[in-house]
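In C-alpha cells form, the structure reads like this:
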C-alpha cells in the first residue's frame with residue numbers, strides 16, 4: 098500500500114510540475130536582484146537525465162578561471178554530495194549525481210538543489226528525484 102501511495106504522489110507531482118524525473122529552475126543572486134552581469138550561457142545549469150541511467154548531469158560554463166565548488170542539498174539544506182574542481186574561463190564543466198551521498202548511502206525521493214560556486218558567481222538548480230532503481 099505504501100509503494101502504491103508513493104507512486105500516486107509521484108504521478109500527481111509529475112502532472113502538477115510537468116516533470117518526468119528531474120525538473121530544474123536556474124537562478125543566481127545577480128538575476129534575482131535584476132542586474133545580471135553574466136550572459137545566459139553562464140547562468141544556465143541544464144540538467145539532463147537518461148531514462149536508462151539513474152543519474153543526472155549538471156553542466157555549466159565557467160564565468161572566470163579558477164576553482165569551482167558544487168553541492169547537492171536536500172530540501173532541509175543538508176549537504177548530501179560535494180564536488181570541487183578547477184577550470185579556465187569559458188570551459189564547460191560537467192558532473193553527474195546518481196542519487197547517492199558522499200558516504201555511499203542512496204538518498205530518498207524528493208526535492209534537491211544543486212548549488213555551484215564559481216568565483217564570485219553562485220548558481221542554483223532545483224531538482225526533483227521521483228524514482229531511482
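Residue numbers (our numbering): 98 to 230.
For each residue, glycine too, the CB sits at the ideal point set by N, CA and C.
### Task
Tell me whether residue 203 sits in a helix, a strand or coil according to DSSP, three-state version.
The residue labelled residue 203 in the question sits at position 106 within the chain shown. Residue state, collapsed to three classes: strand.
### Query
residue 220: which of 183, 166, 171, 205 sits nearest, CA to CA?
Along the chain shown, read from residue 1 onward, the residue named residue 220 stands at position 123. Comparing Cα positions, the closest option is 166.
### Query
Which residues in the same chain as residue 185 place their Cβ atom closer than 8 Å to its Cβ, once the five residues preceding and following it in sequence are excluded?
Against the chain shown, residue 185 aligns to sequence position 88. So the qualifying residues of the chain are 159, 162.
### Message
Tell me the DSSP secondary structure of residue 195 in three-state form.
### Response
Here residue 195 refers to the residue found at position 98 when the chain shown is read from its first residue. Three-state DSSP puts residue 195 in coil, outside helix and strand.
### Task
Counting only the same chain and skipping the five closest in sequence on each side, list residues whose C-beta sits under 6 Å from that of residue 164.
As a working mapping, residue 164 is identified with position 67 in the chain shown. When the five nearest sequence neighbours on each side are left out, the beta carbons in the same chain lying within less than 6 Å of the beta carbon of residue 164 are those of 183, in order along the chain.
### Message
Assuming contact is defined by CB atoms lying nearer than 8 Å, are residue 177 and residue 198 in contact in what I supplied?
### Response
On the chain shown, residue 177 is found 80 positions in, with the first residue counted as 1. On the chain shown, residue 198 is found 101 positions in, with the first residue counted as 1. Going by C-beta atoms, residue 177 is nearer than 8 Å to residue 198.
### Message
Rounding to the nearest angstrom, what Cα-Cα distance links residue 156 and residue 212 in this structure?
### Response
By 1-based counting over the chain shown, the position of residue 156 is 59. By 1-based counting over the chain shown, the position of residue 212 is 115. Counting only the Cα atoms, residue 212 lies some 12 Å from residue 156.
### Message
For residue 166, report the span of its beta strand (DSSP E) as first-last.
### Response
Against the chain shown, residue 166 aligns to sequence position 69. From DSSP, the beta strand (DSSP E) with residue 166 extends over 163–171.
### Task
Determine the burial state of residue 192: buried for a count of at least 16 other Cβ atoms within 10 Å of its Cβ, exposed for fewer.
The residue given as residue 192 occupies position 95 in the chain shown. The residue is buried, with at least 16 neighbouring Cβ atoms inside 10 Å.
### Task
Quickly, what does DSSP pair residue 212 with across the bridge? List them, please.
Locating residue 212 in the chain shown gives position 115, where the first residue counts as 1. Residue 212 pairs with 168, 221.
#### Entry: Test: residue 177 CB closer than 8 Å to a CB of chain D
Considering every chain present, this structure includes no chain D. It has just one protein chain.
### Query
Do you know offhand how far residue 189's Cα is from residue 223's?
One-based indexing of the chain shown puts residue 189 at position 92. One-based indexing of the chain shown puts residue 223 at position 126. Spanning the two alpha carbons is a distance of roughly 20 Å.
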